[in-house]
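In the UniProt record's numbering, the protein residues as written are 1 to 198.
A quick write-up on the structure given underneath.
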């Protein structure tokens, strides 16, 4: 018959450790603290900078509005103009974006952010239009300005100077738009032949 080995007897103890002694060594603790410190120093400022998130969010809003404008032009069988003036991206039914020719925002309202309330106003009355498909560039974020262009009823982009109706587009093969903020640069492209936004 075998003898039962008691817990804590020399046969069950780990070599080099006393019974009841568990945890990390001092070297392991110091290395963990050093690694956490390096990660905090590198990622902390980027994580706590709102501008990084604003740039990414605005780029997503811009892409969504551009795609909405193209699909709206196809669905309504009419031209939809895109205004990219560096302060906002807006959709209209004519090149001047007059009050009666503004595209209604999806869901009947835009985001109403502070930047949108400041930059999506009627130039004649200086009054904010909450129902307009327009989004303002947030503070600390920059967007490359581009000439106004329009999507025709087939969803093809045309330069605003192109005579309507026309089959010949002077829109570039690819229009690249850049949104930057806090060291982050995001690029959106509009393909000339198809109007595809990516």
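Cβ atoms here follow ideal geometry from the backbone N, Cα and C, with glycine treated the same way.
Assuming residue i and residue j form a contact by the criterion Cβ under 8 Å, report the distance between their Cβ atoms to the nearest whole angstrom.
i, j, result
"residue 105", "residue 133", "4 Å"
"residue 119", "residue 87", "5 Å"
"residue 130", "residue 112", "6 Å"
What number of angstroms, rounded off, separates the C-alpha of residue i from the C-alpha of residue j?
i, j, result
"residue 199", "residue 51", "Any answer about residue 199 is impossible in this case: the structure gives the chain only from 1 up to 198."
"residue 24", "residue 53", "38 Å"
"residue 90", "residue 75", "18 Å"
"residue 162", "residue 42", "49 Å"
"residue 185", "residue 142", "9 Å"
"residue 108", "residue 144", "27 Å"
"residue 140", "residue 22", "51 Å"
"residue 70", "residue 37", "48 Å"
"residue 122", "residue 31", "59 Å"
"residue 92", "residue 150", "9 Å"
"residue 127", "residue 29", "60 Å"
"residue 178", "residue 60", "12 Å"
"residue 152", "residue 97", "16 Å"
"residue 49", "residue 180", "13 Å"
"residue 27", "residue 117", "55 Å"
"residue 110", "residue 77", "23 Å"
Given a cut-off of 9 Å on the beta-carbon distance, is the pair residue i and residue j in contact?
i, j, result
"residue 155", "residue 173", "no"
"residue 58", "residue 137", "yes"
"residue 72", "residue 103", "yes"
"residue 182", "residue 55", "yes"
"residue 176", "residue 187", "yes"
"residue 164", "residue 171", "no"
"residue 81", "residue 160", "yes"
"residue 135", "residue 114", "no"
"residue 124", "residue 99", "yes"
"residue 190", "residue 66", "yes"
"residue 207", "residue 34", "This structure gives no information on residue 207, because the portion of the chain shown stretches from 1 to 198."
**Prompt:** Mind pulling the alpha helix (DSSP H) runs of 4 or more residues that sit fully within the segment 11-98?
**Reply:** 26-48, 50-76
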